[in-house]
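There are 6 protein chains.
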Amino acid sequence: MSETHRDQYLIREEPYYRTVEDEVRLYEAAYAARMPVMLKGPTGCGKSRFVEYMAWRLERPLITVACNEDMTASDLVGRFLLDADGTRWQDGPLTVAARIGAICYLDEVVEARQDTTVVIHPLTDHRRCLPLEKKGELVEAHPDFQIVISYNPGYQSLMKDLKQSTKQRFGALDFSYPGAAIEAEIVAHEGGIERDQADRLVQVAQRSRNLKGHGLDEGMSTRLLVYAAQLMAKGIEPRAAAQMALVRPLTDDPDMRDTLDAAVDTYF
Amino acid sequence: MSETHRDQYLIREEPYYRTVEDEVRLYEAAYAARMPVMLKGPTGCGKSRFVEYMAWRLERPLITVACNEDMTASDLVGRFLLDADGTRWQDGPLTVAARIGAICYLDEVVEARQDTTVVIHPLTDHRRCLPLEKKGELVEAHPDFQIVISYNPGYQSLMKDLKQSTKQRFGALDFSYPGAAIEAEIVAHEGGIERDQADRLVQVAQRSRNLKGHGLDEGMSTRLLVYAAQLMAKGIEPRAAAQMALVRPLTDDPDMRDTLDAAVDTYF
Amino acid sequence: MSETHRDQYLIREEPYYRTVEDEVRLYEAAYAARMPVMLKGPTGCGKSRFVEYMAWRLERPLITVACNEDMTASDLVGRFLLDADGTRWQDGPLTVAARIGAICYLDEVVEARQDTTVVIHPLTDHRRCLPLEKKGELVEAHPDFQIVISYNPGYQSLMKDLKQSTKQRFGALDFSYPGAAIEAEIVAHEGGIERDQADRLVQVAQRSRNLKGHGLDEGMSTRLLVYAAQLMAKGIEPRAAAQMALVRPLTDDPDMRDTLDAAVDTYF
Amino acid sequence: MSETHRDQYLIREEPYYRTVEDEVRLYEAAYAARMPVMLKGPTGCGKSRFVEYMAWRLERPLITVACNEDMTASDLVGRFLLDADGTRWQDGPLTVAARIGAICYLDEVVEARQDTTVVIHPLTDHRRCLPLEKKGELVEAHPDFQIVISYNPGYQSLMKDLKQSTKQRFGALDFSYPGAAIEAEIVAHEGGIERDQADRLVQVAQRSRNLKGHGLDEGMSTRLLVYAAQLMAKGIEPRAAAQMALVRPLTDDPDMRDTLDAAVDTYF
Amino acid sequence: MSETHRDQYLIREEPYYRTVEDEVRLYEAAYAARMPVMLKGPTGCGKSRFVEYMAWRLERPLITVACNEDMTASDLVGRFLLDADGTRWQDGPLTVAARIGAICYLDEVVEARQDTTVVIHPLTDHRRCLPLEKKGELVEAHPDFQIVISYNPGYQSLMKDLKQSTKQRFGALDFSYPGAAIEAEIVAHEGGIERDQADRLVQVAQRSRNLKGHGLDEGMSTRLLVYAAQLMAKGIEPRAAAQMALVRPLTDDPDMRDTLDAAVDTYF
Amino acid sequence: MSETHRDQYLIREEPYYRTVEDEVRLYEAAYAARMPVMLKGPTGCGKSRFVEYMAWRLERPLITVACNEDMTASDLVGRFLLDADGTRWQDGPLTVAARIGAICYLDEVVEARQDTTVVIHPLTDHRRCLPLEKKGELVEAHPDFQIVISYNPGYQSLMKDLKQSTKQRFGALDFSYPGAAIEAEIVAHEGGIERDQADRLVQVAQRSRNLKGHGLDEGMSTRLLVYAAQLMAKGIEPRAAAQMALVRPLTDDPDMRDTLDAAVDTYF
C-alpha cells in the first residue's frame with residue numbers, strides 16, 4: 082500500500098468546524114485508545130463535518146461510506162472482479178482503511194443490512210482484524226485504524242436498530258444542533274450573509290425544532306439554514322428564500338406549512 | 082470526457098414552457114449556489130418540462146433518469162461490464178452528469194430504493210463528490226453539476242417516503258396545474274385547437290381536480306387535456322375525445338365515470 | 082435495422098375482426114397523434130385481436146409482449162450478452178419497436194413490475210425517446226412508433242394497479258363482449274358451426290356473465306365459446322362440448338357448476 | 082431438429098391405462114382442434130398416466146415438466162449458456178415441444194410462478210407461437226403441438242390459483258379415482274396380488290376418501306394402493322403393508338391414524 | 082460412471098444399529114419393490130443411522146443430502162460450471178445416485194424449498210427417471226436406485242409441510258426413541274460407561290420426553306445421552322455431565338431447567 | 082495442506098482469560114470427546130475470549146466466523162471462483178478448519194440462515210464429515226477438528242432460533258458476567274486503572290444489569306467497563322468517561338439515561 086494511495090484520503094484543508102462542548106477532547110482520548118466511536122444525533126447537525134475535522138486534526142486519512150439497506154458486506158470488505166487473467170481481488174473501503182490506518186466512517190450505519198454491521202465486529206474488539214473469508218486472508222488492522230459510525234436515534238424505524246452486541250462495541254458521543262449564537266455564526270459564515278439575518282434564521286429554526294414530534298419528524302437543520310442564507314446572498318428576498326429552503330423541503334402538510342410560514346413572517 | 086459527449090445532452094431548441102410564478106428566478110438563484118433542488122407537484126403538471134426549460138436556458142446538459150423501485154445504486158453510479166479484455170467500468174448516468182457538469186434530474190425519486198437515494202448524499206452537501214466504491218475512485222463533481230429530483234406529495238404511498246436526511250439536502254419548489262388562462266393557452270398551443278375549445282377542456286379538468294380525494298386519486302392532468310385536444314384536432318367529436326382521453330384513463334368506477342361524463346356534457 | 086427485420090413483424094393476412102362501435106376510428110385518430118393507447122376490458126373479449134387488426138390496417142409492424150410479474154425492465158429494453166468477444170448488446174422488444182417504428186403492445190401490463198412500466202414513460206410523452214442507460218444510448222423513437230397496453234379492470238388485484246403517473250399517459254378504449262348477434266357471428270365463423278347453434282352458445286355465455294361477482298370471477302369468454310363450437314364441429318355432442326369448454330374451465334364450485342350445467346341444458 | 086431428437090420423446094410401449102368414461106374421445110376431439118387441455122383431479126388418480134396413454138395412442142412425442150414455485154419462465158423457454166465460443170442458446174422443454182410438435186404436459190401448473198403461466202399464452206390462442214424474447218426469435222408452433230396442464234382443485238392454496246385469463250384458454254377434463262371394480266383391477270394388475278385382496282384395499286381407500294375434509298387433506302390414492310399391494314406381494318402381511326403404504330404416509334394425527342387402522346382391520 | 086466412483090459411497094463397516102421392531106424387514110420389502118421410503122420420527126432417534134445400516138446390509142452405495150430452506154433444485158440435480166473450455170455440467174448428488182444406483186437419502190426434506198421436492202417426483206413413480214432440463218438429458222434411474230426421505234412430524238412448522246402429491250409417493254416407517262433397555266445398551270456401548278449409569282441417563286431422558294409439549298419442544302435425544310456418557314467416561318461427575326450435555330442444550334427457560342436438574346438429581 | 086497454513090491460525094500468546102468456574106475442565110473433556118460445544122451467554126461477557134484461550138491452551142488452530150443473516154452455506158463451505166483457467170475451488174473457513182484440524186468457532190450462529198446451520202450437521206454427529214456437494218468431494222474431518230458455536234439466549238428474536246435437530250448436537254456451557262471481584266480485576270488489568278476505580282465501575286454495571294428487562298435490553302458488558310477505564314486512563318474524568326462508554330451506547334431513552342447517570346453519580 083503506497084503512501085500516495087493513503088494521501089488521497091487525507092483532509093488537506095482545515096474543515097470549518099465550530100466546537101460545541103468537550104467533544105474534541107473526548108474523541109481524542111477515544112482515538113488514543115483506538116476505541117470505536119458512535120456519533121448520535123439528528124440529521125444535518127454536523128456529525129460528518131466533525132469526523133472530517135477530527136481526521137484533519139489527527140492527520141489521519143478518512144474513508145467515508147454512506148450506508149444503505151442494499152449494501153452488502155462485500156461492498157465494505159471487497160470482492161473478486163473478473164479480469165483478463167481471471168479473478169482479481171479488490172479491497173472494499175473498510176479493508177483499505179484497515180490496511181492504511183485510516184479512520185473509517187460508516188454514515189447512518191443502521192440503514193445497512195446486518196451482515197454489514199457484523200463484519201466490523203472483529204475490528205471493534207481486542208482482535209482488531211478483518212477476516213477476508215472469500216480471499217482466505219486475515220487483515221491485521223494498521224495501528225492508526227479506527228472505526229466511527231453515525232446513528233440518528235430520533236429516526237423512528239421499528240424494523241431497524243443495532244444489535245446490542247454491536248452497540249456495546251462503541252463509545253458514544255451525542256450531537257445536537259449548536260447553541261443559537263454558535264449556529265448563527267456558522268450560518269453567517271457559510272451562507273455569506275450578515276449576522277443579524279443569520280440570527281433570525283436560527284430563531285425560525287428553533288421554532289421548527291420545538292415542533293418535532295408535534296407534526297414534524299425533524300426540525301430545520303443547520304444545513305437548510307445555510308441554504309436559505311445562500312439564496313438570500315444571491316438576492317432572493319428572505320421570505321421566498323425561507324419558503325424554498327426551510328419550509329417546503331420539510332413538510333407537505335398545509336397546516337404545518339402555515340405554522341412555519343407564520344414563524345418566518347415573525348422574523349422577516 | 083470529450084465535448085461531443087457532453088453535447089448530446091444539450092437541449093437544442095427552446096422547450097415550450099409557460100412561466101407560472103417566480104419559479105425561474107428561484108431556480109436560477111439555487112443553481113447559482115449549486116443547491117440541490119426538489120420539484121414537488123402532481124403528475125403531468127409540467128415538472129419535467131420545467132427542468133428541460135431551465136437546462137436550455139442555463140445552457141447546461143441535462144441527464145434525466147426515470148426512477149423505479151427496482152433501480153439499484155449501480156444503475157445510477159455505474160458498473161463493471163465484462164469485456165474481451167476482462168472487466169470494463171461503465172459510468173452510470175449520475176456519474177456521467179457529475180463528470181461533465183450536467184443537471185441530473187431524477188424523476189419520481191421516491192419510487193427508487195433507498196440505496197439509490199443514499200448514493201446521492203455526498204453529491205448534495207459540501208463534499209460534492211461521488212465515491213465509486215466498486216471502482217475505488219472518488220469523482221469530484223464538475224463545478225456546473227447540479228442535482229434535481231421530483232416528488233409527488235399527493236401520491237399516497239405508506240411505504241415510501243424520502244428520509245429526512247435526504248429531504249434536508251434540497252431546496253424545494255412547489256408545482257401545481259397552471260391557472261385556467263395559462264393552461265388553456267398551453268392546451269390550445271400544444272393540441273392545435275381553438276382557444277374557446279381549450280377553455281372548455283380546462284373547465285372540465287378543474288371539476289375533476291375538485292374530486293381528488295373524493296373518489297379520484299388525481300384530477301385530469303394538463304397532458305390529458307392536450308391528448309383530448311389532439312383527438313379533436315384529428316376530427317373526433319369533443320365528447321368522444323373527452324371520453325377517450327380524459328374520463329376512461331382516470332377511473333373504472335361507474336359512478337365516478339358518470340360524474341365526469343356529466344361534467345363533459347356541461348361544457349360540450 | 083434492415084427492412085427484412087421489420088417485415089417479420091408485419092401482419093400478412095387480415096385478421097378476422099368484427100367491429101363493434103367506433104373503436105377503429107378512435108384508434109386511427111389516436112395513432113395519427115401517436116398517442117399511447119390503453120385497451121380496457123375482460124379476458125378473451127378481443128383486445129389482442131383488435132391490435133392485430135389495427136396493425137394490419139395501418140400496415141405497421143406489431144410487437145407483442147405478454148407481461149408478467151417477473152419481467153424486468155431489461156426484458157423490455159435489452160441487455161448485454163456475453164459473447165466470444167466480450168459483451169454484446171441485444172435490443173429488447175420495446176427497443177426494437179422504437180427503432181423500426183412498430184406498434185408495441187404490452188399485454189396485461191399491470192402484471193409487470195413497476196420498473197417495466199416506468200421504463201415506458203419517456204416514450205409516452207413529448208420526448209418520445211428511450212434511454213438505454215446500461216448502454217449509454219438515447220434511442221429516438223421512429224416516427225411510426227406507438228405504444229399500446231391492455232388492462233383488465235375487473236381483475237381484482239389489491240396489490241397491483243398502474244400509478245396515476247402512468248395512467249395519465251394514455252388515451253383509453255373500453256372493450257367488452259360483443260353484442261349477441263355479432264358474437265354469434267364470430268362463434269359460427271371461427272368454430273365452424275351453424276348460426277343457430279352459435280346463438281345458443283352465446284345465450285349460455287350471457288347467463289354466465291350475469292353471474293360475474295355472484296360466485297364467478299368472470300363470465301364465459303368469446304374464446305371459450307369458439308372452443309365449444311370447435312368440439313361440436315368435431316362431432317362431440319353439445320352438452321359434453323359445453324361441459325368441457327365452458328363449464329369446467331370456469332369454476333370448481335359444485336353449486337356453480339350445477340347452475341351453469343342447467344343453463345346449458347336450457348339451450349341444448 | 083432431427084427426427085432422432087423427436088423420437089426420444091415417443092412413448093414406445095402402450096402404458097397401462099384403464100378408460101373410465103368418455104375422456105379418450107373428448108381428448109381426441111380437443112387434440113384434433115389442437116385445443117389446450119386442462120386435466121383436473123386429486124393427486125395420484127392417473128392424470129399423468131392418461132397423458133402418456135394419449136401421447137402413445139396419438140403417436141405424438143410427450144414432454145413432461147413437473148412445475149414448482151421456483152421455476153422461471155427461462156426454465157420453460159430456454160436460456161443462453163456460456164460456451165467456449167461465448168453464449169449459446171439452449172431451448173427449454175416448452176420450446177422443444179413447440180418445435181418438434183410434441184404434446185407438452187405441464188404437471189401441477191398452479192405451483193409455478195405467474196411468469197411461467199403467462200409465457201404459454203401466445204401458444205394457447207390463435208397465434209400458436211412462442212416469442213423467445215431474449216433470443217429475438219418468434220417460434221411458430223409445429224402443427225402437431227398441443228399443450229396440456231394439470232390442476233388439483235382440492236389442493237387448498239389461498240395464494241395460488243390460475244388467473245382467469247389463463248383458465249379461459251383451456252378445455253377441461255375432470256379426473257377422479259376410478260370406480261371400485263376398475264380400481265381393484267388396476268391394483269391387482271400393477272401390484273401383483275389377487276383380485277380379492279385388491280378389492281379389500283380399494284374398500285379401505287374408499288373409507289379414507291370419505292374422510293377428506295373431515296381431518297384428511299386427501300384420501301388414499303390409487304398409487305398408494307399399488308404400493309401396499311407390492312409389499313404384500315413381497316410377503317409382508319396385509320396389516321403391516323397397509324400401515325406402511327396407506328396410513329403412515331397420509332397423516333400424523335393419532336386419532337386419524339386409529340380411524341384408518343380400524344378401517345384396515347375391518348377388511349384384513 | 083466408474084466403479085471406483087460408486088465405491089466411495091459404500092459403507093465399509095457395519096454401522097452400530099440396534100433393531101427395534103420389524104423395520105429392517107419392512108425396509109427390505111420396500112427396497113425390493115424400489116418403493117420410495119419416508120422415515121418419520123423425532124430428532125436424534127436414529128433415522129440416519131438406520132439408513133446407513135440398511136445401505137451396508139443391502140450393499141448399496143448411500144448418498145446423503147442434508148436439506149435446508151436455501152437449497153435449490155440445482156443443488157440436487159446439478160448445474161453447469163464455467164470451465165476453461167466453456168461450461169461443463171456437474172451432476173448433483175441426486176443425479177449421481179440415480180446413475181450409479183445408490184440409495185439417495187434426503188435428510189429433513191421438509192426444510193427444502195418446493196422445487197427440491199417436486200424434482201424428485203418423476204423418480205418416485207413408474208417413470209423412475211430424472212429430466213435434466215437445463216442439460217436436455219433424461220436420466221433413467223439405475224435399477225438399484227431408491228429414494229429415502231426423513232421427516233420430523235413433531236417439529237411444528239406452520240409454513241412447511243410436504244404436499245399431498247409428494248407424500249403419496251412414499252411408503253412410511255415410524256421411528257421413535259428405542260425402549261429403555263435397548264436405549265441403555267446403546268448409551269453404554271457408544272458412550273463407554275457402565276450399564277447401570279446408562280440406565281439412569283435413560284430414565285432422566287424419559288422424564289424429559291414426557292415434558293414434550295409441556296414446555297419442551299423435544300425431549301432429550303439418544304445422541305445427547307451418548308454425549309453425557311462420553312463426558313462421564315472422561316471423568317466428569319454425572320451431574321455436571323448431565324447439565325452440559327442434557328439440560329443446557331435443551332432449554333433456556335429457568336423453570337424448565339430446574340425441573341430437568343431435579344430429574345438429574347433424582348437419579349445421580 | 083501445509084503446516085505453515087495451519088500455523089497462521091494458532092494463538093501465539095496466552096490470551097488474558099480469568100477462569101470463573103469449572104468451564105476449562107468441562108471444555109477439555111468435551112474436546113477430548115470431540116463433542117461440539119455451544120457457548121451461551123450475554124454479549125461482551127467473554128465467550129470469544131474463552132474460545133481463544135482454550136485454543137491456545139490445547140495448542141489447536143482457531144478459525145472464527147462471525148455469523149450474520151446474509152451469510153450463505155457457501156460462505157462457510159467454499160465456492161468455485163473464476164480463474165484464468167476456468168473455475169477454481171476455494172475452501173471456506175469451515176472446510177479449512179475440517180481439513181487442518183482447527184477449532185471452528187461460529188460466533189452468534191442464530192444470526193445465520195438455516196442452510197448455514199444445517200451444513201454443520203454431518204460434522205456434528207458420528208459421521209464427522211463435510212460433503213462439498215458442489216465439488217463432489219466428501220471431506221473427512223481431521224481428528225483434531227472441533228466445532229464451537231455461540232448463542233445469546235437473552236437476545237429476543239421471535240423469528241430466529243436454532244432448530245432442535247441442531248441444538249441436540251451440542252454440549253452447552255453457560256456464560257455470564259464474572260463475579261464482582263473477578264470483573265474488577267479484569268477491568269483494572271485491561272483498562273489500566275486502579276482497582277478501587279474498577280470496583281466502582283463494576284458496581285455501576287451491576288446496577289445496569291438489574292435493569293435488564295425493565296427498560297434495558299442488556300446491561301453494561303465487561304467490554305464497556307474496559308472502555309470507560311481506558312478513557313479514564315487517558316485523563317478523562319470518570320463521569321464523562323462513564324457517559325461516553327457506559328450510558329450513551331446503551332440507550333437513547335431519556336429516563337433510562339437519567340437512571341444510569343444517577344448510578345454513575347453514586348459511585349463517582
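Chains as they are written, first to last, in the numbering used here: chain A, 82 to 349; chain B, 82 to 349; chain C, 82 to 349; chain D, 82 to 349; chain E, 82 to 349; chain F, 82 to 349. From the three backbone atoms N, C-alpha and C, an ideal C-beta is built for every residue, glycine too.
For a quick check, are the C-beta atoms of residue i and residue j less than 7 angstroms apart?
i, j, result
"alanine 269 of chain C", "valine 283 of chain C", "no"
"glycine 182 of chain E", "aspartate 225 of chain E", "yes"
"asparagine 233 of chain F", "glutamate 192 of chain F", "no"
"alanine 178 of chain F", "leucine 312 of chain E", "no"
"glutamate 299 of chain E", "proline 123 of chain E", "yes"
"glutamate 102 of chain E", "tryptophan 137 of chain E", "no"
Which one of the options has the shortest CA to CA distance from residue i?
i, options, result
"arginine 106 of chain C", "B:Arg338, B:Gln324, B:Arg180, B:Ile317", "B:Ile317"
"tyrosine 97 of chain C", "C:Arg320, C:Asp342, C:Asp346, C:Glu133", "C:Glu133"
"leucine 143 of chain B", "B:Leu157, B:Val220, B:Ile184, B:Ser129", "B:Ile184"
"glutamate 189 of chain A", "A:Ala178, A:Asp277, A:Met152", "A:Met152"
"lysine 121 of chain D", "D:Gly252, D:Leu162, D:Lys293, D:Ala154", "D:Gly252"
"alanine 314 of chain A", "A:Arg99, A:Gln278, A:Asp346", "A:Gln278"
"threonine 145 of chain C", "C:Met119, C:Ser129, C:Ala323, C:Arg208", "C:Ser129"
"proline 203 of chain D", "D:Pro123, D:Ile228, D:Lys215", "D:Ile228"
"aspartate 280 of chain B", "B:Ser246, B:Gly296, B:Pro319, B:Met135", "B:Pro319"
"histidine 295 of chain B", "B:Ala222, B:Gly217, B:Leu341", "B:Leu341"
"leucine 175 of chain F", "F:Glu299, F:Glu271, F:Thr205", "F:Thr205"
"glutamine 249 of chain E", "D:Leu219, D:Arg329, D:Arg250, D:Ile274", "D:Arg329"
"aspartate 339 of chain B", "B:Ser302, B:Ser289, B:Ala222", "B:Ser289"
Have a look at the DSSP bridge pairing and note the partners of residue i.
i, result
"valine 118 of chain C", "C:Val229, C:Gly252"
"leucine 219 of chain A", "A:Pro212"
"arginine 169 of chain B", "B:Leu162"
So, do the segment 88–97 of chain C and the segment 301–310 of chain B have three or more beta carbon pairs nearer to each other than 8 angstroms?
no
Which runs of the beta strand (DSSP E) fall wholly inside the segment 184–212 of chain E and span at least 3 residues, in chain order?
184–188
Runs of 3 residues minimum, wholly inside the segment 127–166 of chain F: which ones carry the beta strand (DSSP E) assignment?
143–147, 159–164
Uninterrupted alpha helix (DSSP H) stretches inside the segment 291–348 of chain D (no shorter than 4 residues)
303–314, 319–323, 335–348
Pairs of beta-carbons, one from the segment 325–339 of chain A and one from the segment 208–221 of chain B, closer than 8 angstroms: are there three or more?
no
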